[in-house]
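In my numbering, the protein residues as written are 21 to 124. See structure below.
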């Protein structure tokens with residue numbers, strides 16, 4: 021499965037557009053991490069625990085989008101986009117979506 025944030029796939033000709041493939045996940049913060057990250061927030065610096073949490077969530081959303089595209093019979097997903105939104109005080113959703121296509 022090829023994933024691209026462009027309209028085309030390098031060295032591949034799109035012969036059919038199947039539809040929108042999507043995947044999402046909602047991740048919650050860890051209360052223990054909130055304490056240590058809160059201290060770091062006071063003194064400055066990267067909030068690494070949160071960066072790792074969002075990176076994991078992005079990877080999971082992309083993986084689920086890829087699985088959705090495979091169920092649709094696609095060879096690739098183009099025009100891939102990622103969005104995040106706050107669902108609750110402690111949880112954020114990451115959504116990946118794009119156009120599932122078949123290649124020649």
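By construction, the Cβ of each residue, glycine as well, lies at the ideal position given by its N, Cα and C atoms.
Membership of residue 86 in the alpha helix (DSSP H) is indicated by the continuous run 68-91. By the neighbour-count criterion, in which a residue is buried when 16 or more other Cβ atoms sit within 10 angstroms of its Cβ, residue 120 is buried.
Secondary structure note for residue 36: its beta strand (DSSP E) is the uninterrupted segment 34-48. Annotation: the continuous beta strand (DSSP E) that includes residue 118 extends over 111-123. Around the beta-carbon of residue 21, fewer than 16 other beta-carbon atoms lie within 10 Å, marking it exposed. Non-local C-beta neighbours of residue 43 in its own chain, meaning closer than 8 Å and more than five positions away in sequence, comprise 80, 81, 82, 83, 84, 85, 86, 87, 88, 115, 116, 117, ordered along the chain. Between residue 47 and residue 105, the CB-CB gap reaches or exceeds 8 Å. Distance from the CA atom of residue 68 to the CA atom of residue 74, rounded to whole angstroms, is 10 Å.
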